[in-house]
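First comes the structure, then the notes that go with it.
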Amino acid sequence: MLAKIYRFLASIQLTIVLLVVIALAMMTGTAYEATAGTLLAQLDIYHSIWFDFLLGLLAVNLIACTVQRFPYRIGQIGWLMTHTGVLVVLIGAVISREYSIEGTIKLAEGESTRLLNRNSYQLEVQLSDGRSAVLPLRFETIPRSEDGRPKRIDLPFNKGRIELLRYLPSGVGKLTYVSDPTGVPLIDVTLEALGKEVDKQLWCGDGPDGEVMLPNGKKLLFAFVPRDKMDMSYLLEAPADYLLVATESDLSYLAVHAPQPILQPISLGQKLVLDSINTVTVRSLESFAVQMRNFVPAKSGEGEFALKFRIEDPTGGRSNAFWMKKNSELASNHNDVLFRLTSHTDELGFALRLNKVNQKYYPGNKIAAGISSEVTVNEGSASSFAYDIEMNAPLTYHGWKIYQYSVIPGPPKISVFTVSYDPGTTIVYAGCIVLMVGLTVVLFQTRQRKKLEE
């Protein structure tokens, strides 16, 4: 039985099948990357378990083929070099996957840094007393769809746990509102002006989500006021022309600048004539709601990193499901924890200072012809040099490659760099050289053999 398995693993037929399947997978990955983006292509194909299995089986097949033909003859040197080259390339690819670093640096003119933000993220938790921790997450283990099994992780400091429900490396978000006892009132309204109707949600929290600017330049504002604190003089100071006021049990309307302003009770479905142009109808009232952002996969692959989870406090109470996008934070009322979804950071080992951003334009227009950044690399008082990073001329230093990506107009101008560190690249290149030499030797030996046969 073991002999049959060994012969199968060492067979040339298995080699051919594996090479064909891997080639088809890479062709599929290239097409998928063009439509879905690099992150999704890596997650679904190049970093998937089945692709790792194919590469691992190919390595085992090459090793078995090589061992089976021992002892070797001088005529097999090209064949041995070819097998060795492929194995070295696979080893380099594994090292690149496990230890490579990719990220970005944003610097304004005159700024310097020793850190880069990686293209990977971590979930931080912080308590009101200042204690903080980082959750040990592996996002590839989190469900990619709503049907997946949630991943549960205990929170530090005995603050309960979270259920990780979904992870999107590239998603697009839309604001929504859900019922939650920790929330505040929300109304759905229909605005009509000049024969056009618009449906809108007004949330009485701070910010622009609780107000709307009408076509004639007047403002409609939604606010919540407890019944025992209702004060007409306070309402008349509202920074709006029309006011919708919710209490614990009813809804009212006030024309703030009317000659004789009166707080008028209204009911759901009632159409209010605000002025000669605008009318409003309150369709529904939610007494307690929280603002949420719902994410769906981005078709282009150019969306935002997003994570969906639910919070469970130490007593077993569970929150609604929340979405968080990259570089955002969420305060939980369920267990007094502040969550932050932030980028991993890494040390460069040297300081990078942006001195000046240069932009070249085509003659006669404002279309950018090229971007470059004058930088200074400083590793200490005895080691400092200047360099001009251009679009096709990256800075290479201590294994890091820093590329010019884009510029954010100023002042001050901000230069965006993409940064990579890949210790497996040299090994892959070495494997490719050995592979090419081996193939050349095989071709030469084949031609020599044919001449002798003639």
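Heads up: the sequence shown runs through residues 16 to 469, numbered per the working numbering.
No residue lacks a Cβ here, since even glycine has one placed at the ideal position from N, Cα and C.
These figures come from a predicted structure and were not determined experimentally.
Between the CA atoms of residue j and residue i - distance to the nearest angstrom
i	j	result
E117	P230	47 Å
T128	H413	16 Å
E263	F237	14 Å
G425	L369	14 Å
A148	K428	35 Å
M307	V260	22 Å
R464	P86	21 Å
L150	L138	6 Å
T360	I417	15 Å
F365	W415	10 Å
D144	I168	22 Å
R325	R176	9 Å
V434	V35	34 Å
L450	T99	7 Å
Y377	A384	6 Å
L289	D243	27 Å
Option in the options with minimal Cα separation from residue i
i	options	result
T97	I78, P165, G71	I78
T296	M42, V213, L142, Q463	V213
S388	K314, V449, E405, P438	E405
V199	P241, L180, R176, R181	P241
N373	K233, S430, W338, S398	S430
P184	L122, Y114, A346, K323	K323
A273	T294, L251, D265	L251
K166	N173, L131, Y182	Y182
T391	I20, L367, G385	L367
P196	G232, A74, R22, S302	S302
Y268	D243, F239, S291	F239
K371	E126, L54, Q275, G188	E126
E178	Y61, I386, D328, F459	D328
Simplified DSSP assignment, three categories, for residue i
i	result
E263	coil
K19	helix
A13	This structure cannot settle anything about residue 13, because the visible part of the chain is limited to 16 through 469.
E126	coil
G100	helix
L277	Per the sequence shown, residue 277 should be read as Ile rather than Leu. Correct three-state label for I277: coil.
M406	coil
F459	helix
L467	helix
Y61	helix
I326	strand
Y376	strand
Residue i, buried or exposed, once every other Cβ within 10 Å from all chains shown has been counted against 16
i	result
M245	exposed
S248	exposed
E155	exposed
E113	exposed
I120	buried
D351	exposed
I442	buried
Test item: CB-CB of residue i and residue j under 8 Å
i	j	result
K286	D256	no
G186	V311	yes
E362	L122	no
I202	L217	yes
A321	W338	yes
V104	G453	no
Y420	L410	no
A40	E48	no
L258	L283	no
S347	S334	yes
T227	A253	Inspection of the sequence shows that residue 227 is occupied by Val rather than by Thr. Not closer than 8 Å, so no.
T43	I60	yes
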